[in-house]
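Counting in my numbering, the sequence shown runs from 1310 upward without gaps.
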Amino acid sequence: MTELVQLAVSDGVATITLDSPHNKNALSQQLTGELLAHLETAGADDAVRVIVVRSALEVFCSGADLSEATTVGMGVGAQRMVDVQRAIVANPKPVVARVAGPVRAGGIGIVAAADISVAGESATFALTEVRLGLAAATISLTVLPRLTDRAAAYTFLTGNSFDAMEASRLGLLTLTVPDADLDEALSTVLTSLLKGAPQGLRETKKLLNRTLLADIDTRGKDLAALSASLFGSPAAQEAMLAFLTRKKK
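Quick look at the structure:
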């Protein structure tokens, strides 16, 4: 089976790369399973000081794997999405998301869970769940704390896309830069983080994420169950199948 997520460690930085071109980094069970494993490995590696999550593709993440959702269901997939966010939030190392290209639905949960998210200005975002009879249930755990109530209502209810500058203004991103400057901006952030002592980074991250982590642990299973039930509903199944059919034409 071809690996969909790669892990490389160099100079104190663990780079976790999403590389699933056949479905534009959709959050399949295989991809999320490998992502979880690499986050755990990097978090436990004393040689790692900072973790970067990025894409090898021109798309950061297309959201849930709808083909999987319409065949095997989302009982496992929904809980995995909660687990991925928790693994990022609870990781003892700072996690930085390098965001380039489109980010849709569940992929926004990865961006929101990261401690710092840096994007190129051409990146786009959309919480498209509502258009398929779904709700952004599991990723609401990390996305809602980043947004104002008004921004959350607009983005969650309309499903409209918004650009990286708007994502920064809304609080979803830490920093948006010209596409050509993305790697330089990432390098600057990593250089600053690497100046932090491991204990200082670990304990500071605990302080920052204490409330968020407690909420994930309190409500994560219920939201995963809600998400799975919505994915399995007749209305959502019909909408997803129609979407997949249009894609094939």
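Virtual Cβ for every residue (Gly too), placed ideally from N, Cα, C.
Everything numeric in this text was worked out from a predicted model, so none of it was measured.
Query	Result
Alpha carbon to alpha carbon, how far is GLN1338 from GLU1475?	31 Å
Leaving out five residues before and five after LEU1510 in sequence, what residues of the same chain have Cβ atoms less than 6 Å from its Cβ?	PRO1403
Take SER1329 as the anchor and find which of SER1319, ALA1346, MET1310 and PHE1540 has the nearest alpha-carbon.	MET1310
Alpha carbon to alpha carbon, how far is VAL1498 from ASP1355? Give it in angstroms, no decimals.	20 Å
The beta strand (DSSP E) spanning SER1501 covers which residue range?	No beta strand (DSSP E) holds SER1501; the alpha helix (DSSP H) holding it covers 1491–1503.
Within 10 angstroms of its Cβ, does THR1485 collect 16 or more other Cβ (buried), or is it exposed?	buried
Since I believe GLY1442 is in contact with ALA1545 (beta carbons under 8 Å), could you give me their beta-carbon distance rounded to a whole number of angstroms?	4 Å
Name, in chain order, the residues that DSSP records as bridge partners for GLY1429.	VAL1486
In or out: GLN1508 buried (at least 16 other Cβ within 10 Å) or exposed?	exposed
Using only the alpha-carbon positions, how far apart do LEU1450 and VAL1385 sit?	17 Å
To the nearest angstrom, how far is the alpha carbon of VAL1322 from that of ILE1360?	6 Å
Please report the straight-line C-alpha distance between THR1447 and THR1500, rounded to a whole angstrom.	32 Å
Does the pairing of the segment 1387–1396 with the segment 1528–1535 give three or more beta-carbon distances under 8 Å?	yes
With DSSP as the reference, identify every bridge partner of LEU1316, one or two as the case may be.	ILE1325
Name, in chain order, the residues that DSSP records as bridge partners for ILE1360.	ALA1323 and VAL1404
On the CB-based measure, 16 or more other CB atoms within 10 Å of its CB, does ARG1519 come out buried or exposed?	exposed
So, at 8 Å on beta carbons, what are the nonlocal neighbours of GLU1430 in its own chain, with the 5 sequence-adjacent residues on each side left out?	ASP1472, ALA1473, MET1474, THR1485, VAL1486, PRO1487 and ASP1488
Report the three-state DSSP secondary structure of PHE1369 (helix, strand or coil).	coil
So for VAL1381, helix, strand or coil by DSSP?	coil
Going by C-alpha distance, which of GLU1377, SER1470, LEU1481 and LEU1453 is nearest VAL1405?	LEU1481
Can you name the residues that DSSP bridges to PRO1507?	DSSP output for PRO1507 lists no bridge partner at all.
Is LEU1481 helix, strand or coil when you go by DSSP?	coil
Can you check whether the CB of ILE1425 is closer than 7 Å to the CB of VAL1452?	no
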